[in-house]
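J.: Per this note's numbering, the sequence shown starts with residue 3, numbered consecutively.
A virtual CB, placed ideally from N, CA and C, is assigned to each residue, including glycine.
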Amino acid sequence: MWLFVFFDLPTNTKKERHDAAVFRKRLLGDGFTMMQYSVYTRHCGSSESADVHTKRVKKLVPSKGQVSILRITDKQYGSIINFWGKAATPVPPKPSQLEFF
Numbered sequence: 003m004w005l006f007v008f009f010d011l012p013t014n015t016k017k018e019r020h021d022a023a024v025f026r027k028r029l030l031g032d033g034f035t036m037m038q039y040s041v042y043t044r045h046c047g048s049s050e051s052a053d054v055h056t057k058r059v060k061k062l063v064p065s066k067g068q069v070s071i072l073r074i075t076d077k078q079y080g081s082i083i084n085f086w087g088k089a090a091t092p093v094p095p096k097p098s099q100l101e102f103f
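Listed below in structure tokens is the structure:
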């Protein structure tokens with residue numbers, strides 16, 4: 003399961019810029035990676051793990067702005083197509099999952 007966090011936060015005042023920067027840094031601290039400036043992704047091994055990280059993001063949301071979270075499966079994520087310039091870039095490999103015996 004993959005979580006996408008999309009956000010549009012105001013940056014008109016010094017406090018708003020600070021709040022937006024803190025929000026981004028805390029997303030990174032929770033294991034998200036930046037896909038674009040306002041789009042962060044994170045792999046979760048299960049729906050329960052996705053629930054935990056969704057709750058964490060909810061607690062991080064600044065008082066102003068909009069934050070959206072999208073959940074997609076590994077199969078759906080595998081069909082993503084990224085373009086940088088005119089050349090297609092392959093999808094990064096899926097993270098390995100732990101197996102317990």
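1) Just how far apart, CA to CA, sit Lys17 and Gly67?
2) Reducing DSSP to helix, strand and coil, say where Thr75 ends up.
3) What is the residue span of the beta strand (DSSP E) that Val41 lies within?
4) My guess is that Phe9 and Ser40 are in contact by the Cβ rule of under 8 Å, so how many angstroms apart are they, rounded?
5) Would a C-beta distance cut-off of 8 Å place Leu62 and Arg28 closer than the cut-off?
6) Looking at the strands, I want to know which residues DSSP matches up with Thr35.
7) Going by Cα to Cα distance, which pick from Arg44, Asp21, Ala22 is closest to Val7?
8) Residues bridged to Leu5 by DSSP?
9) Do you know offhand how far Lys96's Cα is from Leu11's?
10) Can you grab the Cα-Cα spacing for the pair Ser65 / Ala22, in whole Å?
T.: With the given structure in hand:
1) 13 Å
2) coil
3) 41-45
4) 5 Å
5) yes
6) Thr43
7) Arg44
8) Arg44, Arg73
9) 30 Å
10) 10 Å
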